[in-house]
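Under the numbering used here, the first residue of the sequence shown carries the number 484, and numbering increases by one thereafter. We treat Cβ as the ideally placed atom computed from N, Cα and C, and that holds for glycine. Since the model is a prediction, treat every value here as computed from it, not as a measurement.
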Amino acid sequence: MFDVIIAGGGIAGMSAALILGRCRRNVLVCDTGKPRNSASRALHGFISRDGINPFEFRRIIREELNEYPSVIHMEGEVVDAEELHESYEIRLADGRRYIGKYLLLATGIVDRLPDISGIQQYYGHNVFHCPYCDGWEMRDQALAVYAAGATGVEFALKLTGWSNDVILCTDGKEELSQEQLALLDRHGIKVFTDHIISVEGEIGGIFQIRFQNNTVLSRRALFFYPSQYQASFLAEKLGCTIASGGGVEAGKFQQIKSHLFVAGDAARSIQLAIIAAAEGAEAAFALNTVLHKEELSE
Ligand SMILES: Cc1cc2nc3c(=O)[nH]c(=O)nc-3n(C[C@H](O)[C@H](O)[C@H](O)COP(=O)(O)OP(=O)(O)OC[C@H]3O[C@@H](n4cnc5c(N)ncnc54)[C@H](O)[C@@H]3O)c2cc1C
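(1) So does ASN536 have its beta carbon nearer than 7 Å to some heavy atom of ligand 1?
(2) Hey, is GLU560 close to ligand 1, as in C-beta under 7 Å from one of its heavy atoms?
(3) Rounded to whole angstroms, what's the CA-CA distance from ILE489 to LEU588? Just pull it up for me.
(4) For ligand 1, is there any heavy atom lying closer than 7 Å to the beta carbon of LEU717?
(5) Going by beta-carbon coordinates alone, are VAL510 and ILE555 separated by less than 8 Å?
(6) Identify which residue in ALA631, ASN697, ASN520 has its Cα closest to the Cα of CYS613.
(7) Exposed or buried, what is PRO552 when buried is set at 16 or more other beta-carbons lying within 10 Å of its beta-carbon?
(8) Measure how close the beta-carbons of TYR708 and THR643 come, nearest whole angstrom, since I'm counting them as under 8 Å.
(9) Can you give me the start and stop residues for the beta strand (DSSP E) that PHE675 sits inside?
(10) Confirm the yes/no value for this check: CB of SER660, any heavy atom of ligand 1, distance under 7 Å.
(11) Heavy atom of ligand 1 less than 7 Å from the Cβ of PHE706, yes or no?
(12) Going along the chain, which residues of its own chain have a beta-carbon closer than 6 Å to the beta-carbon of GLN754, five neighbours each way excluded?
(13) For VAL562, which residues of its own chain have a beta-carbon under 7 Å away from its beta-carbon, when the five flanking residues on both sides are left out?
(14) Do GLY632 and PRO518 count as a contact pair if the criterion is CB distance below 8 Å?
(15) Mapping the DSSP letters down to three states, classify ILE502 as helix, strand or coil.
(16) Run the proximity test for ALA522: is its beta-carbon closer than 7 Å to any non-hydrogen atom belonging to ligand 1?
(17) With distances taken between CB atoms, is the gap from ILE672 to ILE650 smaller than 8 Å?
(18) Please determine, among ARG622, GLU662, ASP677, ALA665, the residue with the shortest C-alpha to C-alpha distance to ALA630.
(19) Does the Cβ of ARG519 lie closer than 7 Å to at least one heavy atom of ligand 1?
(20) May I have the straight-line CA-CA distance separating ALA627 from ARG541, to the nearest angstrom?
(21) Going by the C-beta, is GLN603 closer than 7 Å to any heavy atom of ligand 2?
(22) Would ALA767 and ILE543 qualify as a contact pair, given that the criterion is a beta-carbon distance under 8 Å?
(23) Can you give the beta carbon distance from TYR611 to ILE757, rounded, assuming they're within the 8 Å contact cut?
(24) Please classify TYR605: does DSSP put it in a helix, a strand, or coil?
Written out as structure tokens, the structure is:
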């Protein structure tokens, strides 16, 4: 029996594993190796690692974890989890089963890209969702926001912190009020309401947004507001509450219920790598504390 099983070996899961390994806890990390930011060229805003290649970042993490013999890292998808008496049993896709006194869900989330022809190849080069992650690199450039309604207005206004040249594309969805239009106008944001049919042109350079009415706009980047869903169904299967944004609701120290924790993007919080790492560490701190208390009372 493991002290803790961690489903998902991304930044949150590995951060938890590091702290738990340092506490000499027996930990099993199961991971499918598909982190959310796999389209990204560089990880920004992580102090001491600003701009690092995400693959290199993961390599360093794995290397550091190798120092801790009580942490086992296993490739494999956790396809099922079941609550037992004061423990959890997980099943991997190949049928292997493991029991842990505690289970930490760190399986991340998936972003839905806008339904625009050709967009996938531009993700991480011209198409972004997070100005905190990529806004600095796109500063003072011609930017577009793809979002409708109040969200679009708020997002477009936010981007003026990075560039004075921002347009809002509502893609034929939800009309804006006169007040919203006036507010955008005051900040120099033009609104394009027509349906976008494709993006084309140079990957990583100036590219073109083509509208249904044949208007073509050249922009350096398009920021969208993603809808998201859990990367695994484990949280749902275990009866966790999923908030409207797609994240799992958790309490203090990332605890969902007595033997179940969640960390990283899978949880409902700000989705930055450093916060995923912090949540993993926070959960690990709480996990080691409860494990230690249990041992003292035996
Ligand atoms: C394009 C892009 C660029 C980004 N850029 C930045 C940036 O510059 N700076 C920043 O701070 N943040 C950035 N982010 C956000 C950052 O990537 C996330 O906040 C971070 O990856 C969250 O870590 P996590 O461990 O919660 O999830 P993930 O990194 O997604 O890791 C989850 C892991 O769980 C695994 N997994 C899922 N389901 C299962 C299962 N059933 N069984 C086993 N394993 C499973 C996955 O394969 C994955 O390895 C970016 C995100 C994207 C999409």
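Let's see:
(1) no
(2) yes
(3) 6 Å
(4) yes
(5) yes
(6) ASN520
(7) exposed
(8) Not confirmed; about 16 Å, so no contact.
(9) 673 to 675
(10) no
(11) no
(12) ASP748
(13) ARG574, LEU575, ALA576
(14) no
(15) helix
(16) yes
(17) yes
(18) ASP677
(19) yes
(20) 31 Å
(21) Ligands displayed in this structure: ligand 1; ligand 2 is not among them.
(22) no
(23) The identity of residue 611 in the sequence shown is Phe, whereas the question assumes Tyr. PHE611 to ILE757, Cβ: 18 Å. No contact.
(24) helix
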